[in-house]
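Colleague:
Protein chains in written order, with the numbering used here: chain D, 84 to 454; chain H, 873 to 1213.
1. In this structure, what does DSSP give as the bridge partners for residue 95/D?
2. Which residues in the same chain as residue 327/D place their Cβ atom closer than 6 Å to its Cβ, once the five residues preceding and following it in sequence are excluded?
3. Closest by CA to residue 287/D, which one among 271/D, 270/D, 323/D and 310/D?
4. Under the DSSP definition of a beta bridge, which residues are partnered with residue 377/D?
5. Note down, in chain order, every chain H residue with its Cβ under 7 Å from the Cβ of residue 312/D.
6. Cβ closer than 7 Å: which chain H residues qualify as neighbours of residue 422/D?
7. How about residue 271/D: is its C-beta nearer than 8 Å to some C-beta of chain H?
8. Measure the C-alpha to C-alpha separation of residue 291/D and residue 1068/H and round it to an integer number of angstroms.
9. Hey, could you find the ends of the beta strand (DSSP E) residue 127/D is sitting in?
10. For residue 422/D and residue 394/D, I'd like the C-alpha separation in whole angstroms.
11. Would you kindly work out how many angstroms separate the C-alpha atoms of residue 1120/H and residue 1166/H, rounded to a whole number?
12. Using the three-state DSSP reduction, which class does residue 411/D fall into: helix, strand or coil?
13. Going straight from the alpha carbon of residue 96/D to that of residue 1198/H, what length do you get?
14. Can you give the Cα-Cα distance for residue 1099/H and residue 1047/H, rounded to whole angstroms?
15. How big is the Cα-Cα spacing for residue 233/D and residue 218/D?
16. The beta strand (DSSP E) that contains residue 1070/H, what's its start and end?
17. Enumerate, from N- to C-terminal direction, the unbroken beta strand (DSSP E) stretches of 3 or more residues contained entirely within the region 161 to 214 of chain D.
18. Please compile the residues from chain H whose C-beta is within a distance smaller than 8 Å of the C-beta of residue 399/D.
19. What is the DSSP secondary structure of residue 987/H, reduced to helix, strand or coil?
20. In terms of DSSP beta bridges, what is residue 1065/H paired with?
21. Going by DSSP in three states, residue 218/D sits in which element: helix, strand or coil?
22. Taking residue 922/H as the query, report the chain D residues whose CB atoms sit under 8 Å from its CB, ordered along the chain.
23. Check each residue of the region 289 to 308 of chain D: if its Cβ is closer than 9 Å to any Cβ of chain H, include it; give the result in chain order.
24. Strictly below 9 Å CB to CB, what residues from chain H border residue 144/D?
25. Tell me which same chain residues have a C-beta within less than 6 Å of the C-beta of residue 1175/H, skipping the five on either side of it?
26. So, is residue 948/H buried or exposed, given that buried needs 16 or more other C-beta atoms within 10 angstroms?
27. Consult DSSP for residue 874/H and reduce its assignment to one of helix, strand or coil.
28. Residues of chain H with CB closer than 7 Å to the CB of residue 268/D, please, in chain order.
29. Would you identify the three-state DSSP class for residue 299/D, choosing helix, strand or coil?
30. Does any residue of chain D bring its CB to less than 8 Å from the CB of residue 902/H?
31. Quick check on residue 936/H - is its C-beta less than 8 Å from some C-beta in chain D?
32. Go ahead and pull the three-state DSSP assignment for residue 1214/H.
33. Per DSSP, residue 275/D forms a beta bridge with which residues?
34. Quick check on the DSSP output: the alpha helix (DSSP H) that includes residue 418/D runs from which residue to which?
35. Which whole runs of the alpha helix (DSSP H) in the region 1153 to 1194 of chain H are 4 residues long or more, in chain order?
36. Just the chain D side, please: which residues come within less than 8 Å of residue 928/H by C-beta, in chain order?
Shown next as structure tokens:
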């Protein structure tokens, strides 16, 4: 196909759901800006569109009304969706923008619905990958998944995120509460940001906290910021913490506003991740932006070690004894904190801004031609 | 704030090296903590078990009987809904609605309860059938080999210890001793300047050991290797471990070691020979074991087929032998996990 005469090629984006305050939603909106600034026409088509973003996107089934010769589809692959077979049936040239998805095994026993959905996502990937012009992955780890699924040409391009929210003015009330608790009880504040789901392994964080309190810091607290899509896991986590006598020390504030999130990053002593699956890990970059030292599980955790580079103490496993010792070291060694924070800010700068936008434009232009 | 005993100069001069140094110090700290008894391995396992106790049955490993018990408990569907209310007259309204609808709801729930009972009954039949099959399979099961120790082959004075230490001298990383007992060999390896730790499936033996700064854990070799990172070991010592293994268990063990041993790593196997195994004064565990010792040449051949350069050495009286094998650096880890059970 050749572009319609006189009109620039359109590089449209398709995705399962466009939501505000969501990594994929933010990425999609920012990528549209990048594509348009580069000179491509670009619209967003989604299976579901949040009311707050209704003016930003079309429903995917209305695409035929907007279609033109030479169109290219960038599919934001996050989970299974009716959009995948829709694109396959239309025979559009596709670029897979792959955010990875949680493997079905990690939901097994917890959420049967999610197991089915994740298995369907694997089928969607197998359907689209072999025919895709290009696969864009958030990390070398995700790039391997694309290759395994049959993608012949791939590139690594970090997520386009709104990291400024981390360094914005913190919510004064949340900051005051955190300060008051620390002033009253002492102890370190350990932070993790991410959905409360089995693959993020918040129960391993609770085990680590229990061990850390037992060996080093009896007043330490753990803040698990993020909503949940697994009631069963969330309940087990709460019951587990309660049984360990940590009901007051493990705090689950749920999803929080951007200023509140900034307050958590500003007040925490260390960011701890023992997740067993990360396609990229936006909160890791946020922690680096905030100058927060990171302790993270590297082995068997997906892209974590690739994202953090030299900006974290990367542990081989989530063994509570090792995690506790690493937390203690980070919380008591000023030179180490400074090293990790400096490395983190430098690493975070590499993962955002104009350079990242340029990588998207170059990769896409490499397969569809310059706009 | 700093109490880690560092001035910060090291970090400023070479941040990368400093972080590496910190990681090594953390590993040492953990080893000392474990050795001091501050955090026994059993405690960590109890944490895992406690979380599993709060998890859904599917996560706990699928105990069918417990699942059926829950099905039984949920089989009866009560049509008599509660009518309590926090609002004035709310209970009266609810009670009136319940009375009006009970004939209808009761008819529906009765059928649902009957359907659920039929499903539950079918599950009980399946459960009974599976239990019977389990019993039959159990009678024919090949057990994992237990540790079988021959007193003359164990201890720091045994003839094979010095050659084993010499073979391990260039091990490119941490050395694991399986069937470590009270840690006698681990201590020798550590004293020779290598980093080493031990595992042993006999919990009472490990519990009774005087650990000092030793890192010993009561774990089975197969389970332990599953948790080790690929290419994470510089050496593996197997003593009193392989003699009684059946073929399948031995194959799985070698496959697992092949993945976990770094290229250039050393595998040391000490085994008694067939005559000692079948002698009248052999430990009773030898009689109960599913397998029997291999000849030294057989070990060498097996290991060479798996990418090792192996040599065998007979003991002074010919009753036992030592195999030392170096994993070739030319066949690096291929990224696949072993198919261990």
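Backbone N, C-alpha and C fix where the C-beta goes; we use that ideal spot for every residue, glycine too. All values derive from a computational prediction rather than experimental measurement.
Modeller: Put simply:
1. Beta-bridge partners assigned by DSSP to residue 95/D: 156/D.
2. If we look at residue 327/D and ignore the five residues flanking it on each side, its Cβ neighbours are 293.
3. Residue nearest to residue 287/D within the set 271/D, 270/D, 323/D and 310/D is 323/D (criterion: CA-CA distance).
4. As a beta-bridge residue in DSSP terms, residue 377/D pairs with 354/D and 395/D.
5. Around residue 312/D, no beta-carbon contact reaches into chain H at under 7 Å, the shortest distance being about 15 Å.
6. Those are 883, 887, 890 and 891, listed as they occur along chain H.
7. It does not: the Cβ of residue 271/D has no partner Cβ on chain H nearer than 8 Å.
8. Cα to Cα, the separation comes out at about 25 Å.
9. Start and end: 127 to 132.
10. Just so you know, the alpha carbons of residue 422/D and residue 394/D end up roughly 8 Å apart.
11. Their backbone Cα atoms lie some 14 Å apart in a straight line.
12. For residue 411/D, the secondary structure class from DSSP, reduced to helix, strand or coil, is helix.
13. When rounded, the distance between both Cα atoms is 54 Å.
14. Distance between the alpha carbons of residue 1099/H and residue 1047/H: 15 Å.
15. Residue 233/D and residue 218/D: Cα-Cα distance of roughly 10 Å.
16. Taken as a continuous stretch (DSSP letters only), the beta strand (DSSP E) holding residue 1070/H covers 1068 to 1071.
17. If one requires a minimum length of 3 residues, the beta strand (DSSP E) runs lying completely within the region 161 to 214 of chain D are 177 to 181, in chain order.
18. Correct list: 1101 and 1104.
19. In the structure shown, residue 987/H falls within a helical segment according to DSSP collapsed to helix, strand and coil.
20. Its beta-bridge partners do not exist; DSSP assigns none.
21. It is a strand residue.
22. Against residue 922/H, the close residues of chain D are 323, 326 and 327, in the order they occur along the chain (beta-carbon pairs closer than 8 Å).
23. The region 289 to 308 of chain D vs chain H, Cβ under 9 Å: 289, 290, 293, 294, 297 and 298.
24. Per Cβ cutoff of 9 Å: no residues; residue 144/D is ~36 Å from chain H at best.
25. Only 1182 and 1197 meet the Cβ criterion.
26. Burial call: exposed.
27. Residue confidence for residue 874/H is low, a pLDDT of 46 falling below 50, so the modelled location carries little weight; the figure read from the coordinates is stated next. Of the three classes helix, strand and coil, the one that applies to residue 874/H here is coil, per DSSP.
28. The contacting residues do not exist; residue 268/D stays about 17 Å from chain H at best.
29. Residue state for residue 299/D is assigned as coil, using DSSP reduced to three classes.
30. When Cβ-Cβ separations below 8 Å define contact, residue 902/H makes contact with chain D.
31. With 8 Å as the cut-off, residue 936/H does not count as an interface residue toward chain D.
32. Nothing in the structure corresponds to residue 1214/H, since chain H is present only between 873 and 1213.
33. Residue 275/D is bridged to 307/D.
34. Where residue 418/D is concerned, the enclosing alpha helix (DSSP H) starts and stops at 417 to 433.
35. Taken in chain order, the complete alpha helix (DSSP H) segments of 4 residues or longer contained in the region 1153 to 1194 of chain H are 1156 to 1160 and 1168 to 1177.
36. The contacting residues are 192, 193, 315 and 319.
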